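For the sequence shown, the residue numbers in my numbering are 357 to 881.
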Amino acid sequence: MIEQASFALRGRNPDVLTCIANLSNDEVFTPPEFANRMLDTLAEAWAADNDGASIWADSSIRFLDPFTKSGVFLREIAKRLIAGLEAEIPDLQTRVDHILTQQVFGIGITRLTSLLARRSLYCSKHATGEHSVATGFANDYGNIWFERTEHSWKNDKCEFCGAPRAIFDRGPELENHAYAFIHTNDIKARLGELFGADMQFDVIIGNPPYQLASDGGTRDVPIYNRFVDAALQLEPKFIAMVTPSRWFAGGLGLDEFRDRMLGDRRLRSLVDYAKMDTVFPGVDFEGGVSYFLWDRAHNGECEVTHFFNEENPEKTSRNLGEFDVFVRNPNALSILRKVREKAEPSIIDIMSTNNEFGLVTNFRGFSDKKGGGDSIAVHAIRNTKRVIGWMDRSELPKGHALVDVWKVLIPKSYGERGAIPAQILGPTLVAEPPSASTQTYVFIRANNEQEARYIEHYTKTRFFRFLLSLRKITQHAAKPVYTWVPQQTWDRNWTDADLYAKYGFTDEEASFIQKMIRPMAGADD
């Protein structure tokens with residue numbers, strides 16, 4: 357009766373965990389179907405490492421979701437264990453009590469989510485409540501712990517998560533989002549305090565919070581990497597975790613994290629979705645979402661599955677550390693290798709640095725009309741429209757040596773939410789001297805007008821934009837994103853046909869570029 361009422365409702369009733377709204381774009385509830393995909397990946401790896409044994413038939417395995425929200429991972433794990441342990445523990449209530457008290461554990465990220473997780477797992481917001489399916493607990497929280505944790509402020513930021521004090525130093529009536537799993541100097545000792553000194557978790561699984569607003573929302577700081585690092589410190593047998601895919605090639609402050617992840621040969625599986633809303637309906641993160649399976653016993657290449665949509669995924673075995681960023685699409689690798697074999701100078705050698713002239717994106721200190729004296733053009737965007745303003749050269753904060761240089765301006769941001777074929781860049785333009793630009797643009801330097809025209813034409817080729825796309829995982833395209841784009845001789849308008857021939861692309865490789873990148877106005881096609 358308990359099994360039918362509490363763990364097998366899916367056949368006749370809608371699953372409430374498919375219906376609840378997300379807390380925010382940063383704290384995303386995991387759909388049950390997606391959680392089960394991750395559990396299937398885990399079970400396959402466990403069987404491969406253990407002579408075909410089922411992880412769900414092992415009564416000694418301990419699972420931890422250290423950032424549980426809806427409790428979906430713990431609930432789905434419990435359901436599988438209830439079926440898998442029937443032979444070993446025939447009595448249903450004894451089996452349920454063993455699983456809930458000895459095998460599944462969680463840490464809530466807020467008081468609300470801890471109550472929701474207990475309701476999902478124990479069928480009661482209190483583990484000792486009259487409707488709880490567990491009879492072995494002496495406390496209300498059971499094995500799903502939550503207590504308010506405080507930030508540790510240092511220089512107006514939390515030393516553990518980087519949260520700004522001005523935003524998150526809140527009274528007890530408001531959630532402060534100080535997540536217990538990453539607010540400690542010794543995660544092993546902290547979990548020992550919560551669940552017992554001898555507790556060793558075999559599997560850590562879940563979907564952590566993704567980011568915290570750092571300065572009013574304009575530069576949100578990723579924190580999911582901190583949860584991954586904390587999980588690794590616990591030395592479990594397996595870690596299965598959801599993250600935004602932007603760490604593959606970008607993300608604020610993620611360079612060291614990316615280096616560690618791509619160099620870790622214990623990453624057994626990586627499943628990547630280019631469009632986040634295909635698996636998390638209603639959630640839209642530029643760059644997509646993925647989950648990985650880390651296996652302590654694995655030492656080798658990673659099985660990568662990439663979904664452009666929900667059908668026909670690409671599956672390959674990959675050396676994640678081949679490049680400094682992760683190239684998502686395996687069909688791009690042969691193209692990239694051919695380009696890099698020539699070892700030509702990169703276009704970034706003649707590109708501007710970030711905010712070369714010291715004029716921020718929302719700079720408005722220019723006139724709509726050209727003044728007298730030493731007036732220079734300022735290229736900017738106002739209310740989503742491109743404008744040219746004017747200011748005196750002497751008022752420019754920095755970058756004076758580049759005012760009299762011909763430039764090819766490229767918008768720094770252009771988002772398409774995973775569309776294929778993609779344009780990758782917004783329209784470029786040639787800026788004649790004397791000129792400057794706001795931080796809205798990056799630019800390529802040219803020696804004269806003719807060279808600038810040739811460079812602008814090059815930026816519109818599919819070849820240029822395809823190579824850019826391999827490092828551009830979000831809408832932002834700062835200078836490092838252009839690293840793999842080679843310079844050419846600026847004595848003609850390079851066409852895609854010229855470039856495909858120069859680098860020896862096969863018909864299949866050329867067709868792949870044509871499929872992935874759409875034509876751009878002003879380019880030869």
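Where a beta carbon is used, it is the ideal one built from N, C-alpha and C, also for glycine. Remember, predicted model here, so these are calculated numbers, not experimental data.
Starting from residue i, follow its DSSP beta bridges and name the residues at the other end.
i      : result
TYR629 : VAL645 and PHE663
LYS513 : LYS510 and PRO520
LYS763 : ALA787 and ARG801
ARG674 : CYS658
GLN567 : PRO578
TRP501 : ILE463
PHE419 : VAL460 and VAL559
PHE493 : DSSP, once it has assigned bridges, lists no residue as partnering PHE493.
VAL598 : TYR647
ARG738 : LYS741
Using a threshold of 8 Å, state whether the C-beta atoms of residue i and residue j are closer than that.
i      : j      : result
ALA434 : LEU471 : no
ALA787 : HIS735 : yes
GLY755 : PHE722 : no
LEU430 : VAL460 : yes
THR740 : THR794 : no
HIS533 : LEU568 : yes
ALA473 : ILE500 : yes
ARG821 : ASP852 : no
VAL584 : MET597 : yes
ASP748 : ILE561 : no
PHE868 : LYS694 : no
PHE419 : VAL559 : yes
VAL743 : ALA808 : no
GLU812 : THR784 : yes
ILE463 : PHE493 : no
LEU610 : ASN581 : yes
TRP840 : LEU618 : no
GLY404 : SER410 : According to the sequence displayed, residue 404 carries Ala and not Gly. It is not a contact, given that the beta carbons lie outside the stated cut-off.
ALA792 : LEU715 : yes
Going straight from the alpha carbon of residue i to that of residue j, what length do you get?
i      : j      : result
ARG874 : GLU751 : 41 Å
GLU400 : LEU448 : 26 Å
GLY728 : GLY782 : 32 Å
LEU855 : TRP846 : 13 Å
PHE557 : ILE543 : 12 Å
ALA536 : ARG614 : 24 Å
GLU864 : ASP620 : 32 Å
PHE719 : PRO767 : 16 Å
ALA775 : ALA866 : 19 Å
THR634 : GLN844 : 39 Å
TRP762 : ALA733 : 12 Å
PRO387 : TRP412 : 21 Å
GLY607 : GLU529 : 32 Å
SER825 : ALA587 : 31 Å
GLU670 : TYR629 : 11 Å
GLY498 : ARG467 : 14 Å
PRO686 : THR672 : 7 Å
PHE679 : LEU823 : 14 Å
ALA877 : LYS513 : 46 Å
THR491 : THR457 : 9 Å
TRP509 : MET872 : 47 Å
LEU395 : LEU547 : 23 Å
ASN406 : LEU550 : 30 Å
LYS725 : ASP760 : 20 Å
Here's a check: name, in chain order, each residue in its chain whose Cβ is nearer than 6 Å to the Cβ of residue i, leaving out the five neighbours to either side.
i      : result
HIS482 : ASP496
GLU772 : ALA778
SER910 : Lying outside 357 to 881, the shown extent of the chain, residue 910 is not represented and no answer is given.
HIS539 : THR505 and PHE516
CYS658 : LEU623, LEU626, ARG674 and LEU676
TRP850 : TYR814 and GLN844
TYR859 : LYS694 and VAL695
By Cβ distance below 8 Å, which residues in the same chain neighbour residue i in space, the five residues on each side in sequence not counted?
i      : result
ASN381 : The predicted position of ASN381 is uncertain, since its pLDDT is 48 and thus under 50; no value can be drawn from it.
PRO836 : ILE704 and ARG827
ILE445 : SER415, ARG451 and HIS454
Quick one: residues in its chain with C-beta nearer than 7 Å to the C-beta of residue i, no 5 flanking neighbours on either side, listed in chain order?
i      : result
HIS487 : CYS479 and SER480
GLU712 : GLY755 and LEU758
MET632 : VAL639, ASP640, PHE641, GLY644 and VAL645
Using 8 Å as the limit for Cβ to Cβ distance, is residue i near chain B?
i      : result
ALA434 : Absent from the structure: chain B. Only one protein chain is present.
Since residue i and residue j should fall inside the 8 Å C-beta cutoff, what is the C-beta to C-beta distance between them, to a whole number of angstroms?
i      : j      : result
PRO637 : PHE423 : Wrong, their Cβ atoms sit about 21 Å apart, outside the cutoff.
PHE682 : LEU689 : Actually they do not touch by this definition, with Cβ atoms about 11 Å apart.
ALA519 : HIS507 : 6 Å
LYS698 : ARG652 : Contact flag wrong, Cβ pair sits at about 40 Å.
SER731 : GLN831 : The pair is not a contact, with the Cβ atoms about 33 Å apart (cut-off 8 Å).
PRO701 : PRO600 : PRO701 to PRO600, Cβ: 33 Å. No contact.
ILE829 : ARG602 : 5 Å
Would you say the beta carbon of residue i is closer than 7 Å to some non-hydrogen atom of the ligand FAD?
i      : result
THR466 : The ligand FAD is not part of this structure, which contains no ligands at all.
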